[in-house]
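Note that our numbering numbers the sequence shown so that position 108 is 112, with each residue one more than the last. C-beta: ideal position from N, C-alpha, C; glycine also.
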Amino acid sequence: MGEKAKVVRAGAKTRLRRELRFVRTRARELKMIGKALASTKHPILVHIIPMRRCNLACGYCNEYDDFSKPVPLEEMKKRLDILADMGTSIITISGGEPLMHPDLDEIIRHIRRRGMIAGMITNGFWLDVKWIERLNEAGLEHLQISIDNVTPDEVSMKSLKTLDSLKSSKLELLAKHAVFQVNINSVLGSGVKNPEDALTIAHRAVELGFTSTVGIIHDHNGQLKPLGPRELEIFEEIMTLGKRSFSRFNDFQHNVARAKEHTWRCRSGSRYLYICEDGLVHWCSQQRGYPGIPLAQYTPEMRHREYSTEKFCGPKCTVSCVQQVGILDNWRDPQTLKPKPMAPASPLVQIGSRGDN
Ligand code: SF4
Ligand code: SF4
Numbered sequence: 005m006g007e008k009a010k011v012v013r014a015g016a017k018t019r020l021r022r023e024l025r026f027v028r029t030r031a032r033e034l035k036m037i038g039k040a041l042a043s044t045k046h047p048i049l050v051h052i053i054p055m056r057r058c059n060l061a062c063g064y065c066n067e068y069d070d071f072s073k074p075v076p077l078e079e080m081k082k083r084l085d086i087l088a089d090m091g092t093s094i095i096t097i098s099g100g101e102p103l104m105h106p107d108l109d110e111i112i113r114h115i116r117r118r119g120m121i122a123g124m125i126t127n128g129f130w131l132d133v134k135w136i137e138r139l140n141e142a143g144l145e146h147l148q149i150s151i152d153n154v155t156p157d158e159v160s161m162k163s164l165k166t167l168d169s170l171k172s173s174k175l176e177l178l179a180k181h182a183v184f185q186v187n188i189n190s191v192l193g194s195g196v197k198n199p200e201d202a203l204t205i206a207h208r209a210v211e212l213g214f215t216s217t218v219g220i221i222h223d224h225n226g227q228l229k230p231l232g233p234r235e236l237e238i239f240e241e242i243m244t245l246g247k248r249s250f251s252r253f254n255d256f257q258h259n260v261a262r263a264k265e266h267t268w269r270c271r272s273g274s275r276y277l278y279i280c281e282d283g284l285v286h287w288c289s290q291q292r293g294y295p296g297i298p299l300a301q302y303t304p305e306m307r308h309r310e311y312s313t314e315k316f317c318g319p320k321c322t323v324s325c326v327q328q329v330g331i332l333d334n335w336r337d338p339q340t341l342k343p344k345p346m347a348p349a350s351p352l353v354q355i356g357s358r359g360d361n
């Protein structure tokens, strides 16, 4: 880690496989954009949770527990089939910690079999060569790890020191063996002790050949809070490092950094779906409970209604992945409907904290 960290390169065969997968994924992403512009009837991105349990317990997170069982593979396949039949373009597996699911590679294989782009978000702690090979073989296309700090503290263990240690670096294993694209997300904002950490993390990511993005932590109510002057400088620098990431084309993140409210049309519940481990559809990780309907009963009419529903949380939203999806529709179809009353409260309904997304 730091100045002593090694720069590792994959062997020629892995580099070739990586290039091929990259070119194919880019072609599929371009097709996804064309399809999204041509029709508003299908979901573009779905986050799905096969495992609520996590091996860590980050102080800010409300998206994990320490006991739940994996969603059975057959049930995951059924949910993925429904999403594929809706015409979904991208599935991102999230958690909890997806690597705790024993059939994670089979889930990814099923996503690819059904023609969807496969991504996942992990804390990376369980990665080893065997897991990376399983993910390669299954056809994974994107993997994201969020790293919170350089040295672990009482709030988060997701640090460069734990993931990129000299003895066993998970990041170096990825640089050497992964044929999928790896993005390292660092964070800035309230509660981050040392903003320079984000820069150290981003530079290490780029040094290893990964893309790099930066997330901004919102306060406990999911509200915007402006970054300080040095944090802003760091933010802009990392945004320019994120060469191959769509997020640098996104004004939204720049607004979040300056705590400016933004005007956009959140299409969650329609173009973006969050499917929890119980198979319920939610607007997003921060608005669980809306609409809280089982995926199998989620009709095209319901999706269409959500497409036209103005989200009360839109102007102060900090959920960047949904905003990136929104770019494809912001220019059309004003939202004129109001949200329906909430479904009966589920134990998952919690608003305003931050997980890995
Ligand atoms: S932020 Fe991620 S790694 Fe941390 S507890 Fe939540 S799900 Fe687990
Ligand atoms: S928090 Fe953001 S992404 Fe979630 S429903 Fe509200 S506006 Fe949409």
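Nearest-angstrom Cα separation, counted from ARG19 out to GLU310:
Distance from the CA of GLU310 to the CA of ARG19, rounded to the nearest whole angstrom, comes to 42 Å.
Whose C-beta lies closer than 6 Å to the C-beta of LEU417 among residues of the same chain, with five residues either side of it excluded?
Beyond the ends of the chain as shown, which are 5 and 361, falls residue 417; an answer cannot be given.
Beta bridge counterpart(s) of ASP107 as assigned by DSSP:
Per DSSP, none; premise fails for ASP107.
Can you give the Cα-Cα distance for ASP85 and GLY119, rounded to whole angstroms?
Taking the straight line joining both Cα atoms gives about 11 Å.
Spatial distance of GLN185 from GLU145 (CA atoms):
Cα-Cα distance, rounded: 6 Å.
When you compare only the Cα positions, how much space is there between LEU175 and PHE316?
Taken atom to atom, the span from the alpha-carbon of LEU175 to that of PHE316 is near 39 Å.
Please list the segments of the alpha helix (DSSP H) lying wholly inside the region 55 to 97, counting only runs of 4 or more residues, in order along the chain.
If only complete runs of 4 or more residues are kept, the region 55 to 97 shows the alpha helix (DSSP H) at 77 to 90, in order along the chain.
Sort LEU87, ASN66 and ASP70 by Cα distance to PRO298 and report the nearest one.
The shortest CA-to-CA distance from PRO298 to any of LEU87, ASN66 and ASP70 is the one to LEU87.
Would you mind reading off the limits of the alpha helix (DSSP H) that contains TYR311?
Unbroken alpha helix (DSSP H) run through TYR311: 304 to 311.
Thinking C-alpha only, which one of LEU170, VAL159 and GLU141 is nearest CYS62?
Comparing Cα positions, the closest option is VAL159.
Please determine whether the Cβ atom of VAL186 lies at a distance below 6 Å from any heavy atom of ligand 2.
Taking 6 Å as the cut-off, one finds no heavy atom of ligand 2 near enough to the beta carbon of VAL186.
Opposing strand residues paired with GLY123 [DSSP bridges]
For GLY123, which the question treats as bridged, DSSP gives the partners THR96 and HIS146.
With a threshold of 6 Å (Cβ to nearest heavy atom), would GLN291 be considered close to ligand 2?
Yes, the Cβ of GLN291 comes within 6 Å of a heavy atom of ligand 2.
Below 8 Å on the Cβ atoms is my contact criterion, and I expect GLY219 with VAL191 to pass it. Report the Cβ-Cβ distance as a whole number of Å.
The Cβ separation is near 5 Å, so the contact holds.
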